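Undergrad: Have a look at the structure that comes next, please.
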Amino acid sequence: ELTPLGYYVGSLPVDVRIGKLMLFGAIFRCLDPTLTIAATLSFKTPFVTPFGLKQEADDKRKEFAMGNSDYLTILNAYKGWCEAKERGPHQAYLYCQENFLSVKTLQMLASLKQQYVELLSDIGFIQSGIRQRDVEREARKGSDGVAEVTGIEVRLMSTLMFLLFHALICVSQVACMPAVLNIFNIG
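FYI, in the working numbering the residues of the sequence shown are 586 to 772.
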């Protein structure tokens, strides 16, 4: 017999851990950044290391770092790309070149996020009737369109966001539940 969470996770055509992450992102009202991480887990990191430029690429990646979290590092880079896109496609291209990021990978992550929004809408977990084309239409304005279509989200301080994302990632991995409880019990 399925739990309510299991019912919704089973309705999503994604890996169970990614499905849980998506659902918890919606529950905790931090869907947009959580979908960025889910898309990265489903695909790959947008960071590239050109031959002979490993040190430069590593240094740029460290500029996006938040603690020891690869996920938050990627999230920061992705958010920067979205901000650059709002200033125009050429600015987005330059941002990727300067920061050793793959334009194609970032575009794929945006597309996956848009698909995930439609999936969550289809199973009734977020506002019903949202289609990928609706998100794509919003994305033409610069961002990836997810936050604009899914509504206002909780704005968190960076430390709280760091803890929340680690908790969400742990919750999405079955054996980590005690670690989640410890994170939220820190004085």
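We put the beta carbon where it would ideally sit given N, CA and C, even for glycine.
As the structure is a computational prediction, the values presented were derived from the model and not from experiment.
How big is the Cα-Cα spacing for S687 and I659?
TA: The straight-line gap from Cα to Cα measures roughly 12 Å.
Undergrad: Nearest by alpha-carbon distance to T625: which of P635, L691, G673 and L587 is it?
TA: Nearest option by C-alpha distance: L691.
Undergrad: Kindly list the residues whose CB is nearer than 6 Å to the CB of L590, restricted to its own chain and excluding five residues on each side of it in sequence; keep chain order.
TA: Nothing meets the Cβ criterion.
Undergrad: Which residue or residues does DSSP assign as beta-bridge partners of S654?
TA: In the DSSP output, where bridge partners are listed per residue, S654 has M651.
Undergrad: Report the start-end ranges of each beta strand (DSSP E) in the region 603-637 that is 3 residues or longer and not cut off at the edges.
TA: Here no run is fully enclosed.
Undergrad: Would you decide whether T634 is buried or exposed? Buried here means 16 or more other CB atoms lie within 10 Å of its CB.
TA: T634 should be labelled exposed.
Undergrad: Round the Cβ separation of K698 and D729 to the nearest angstrom and send it over; I've been treating them as touching at under 8 Å.
TA: Rounded, the Cβ-Cβ distance is 6 Å, consistent with contact.
Undergrad: Here's the rule I'm using: 16 or more other beta-carbon atoms within 10 Å means buried, otherwise exposed. How should N661 be labelled?
TA: Label assigned to N661: buried.
Undergrad: To the nearest whole angstrom, what separates the beta carbons of R646 and F632, a pair I think is in contact under 8 Å?
TA: With a Cβ gap of about 6 Å, R646 and F632 count as contacting.
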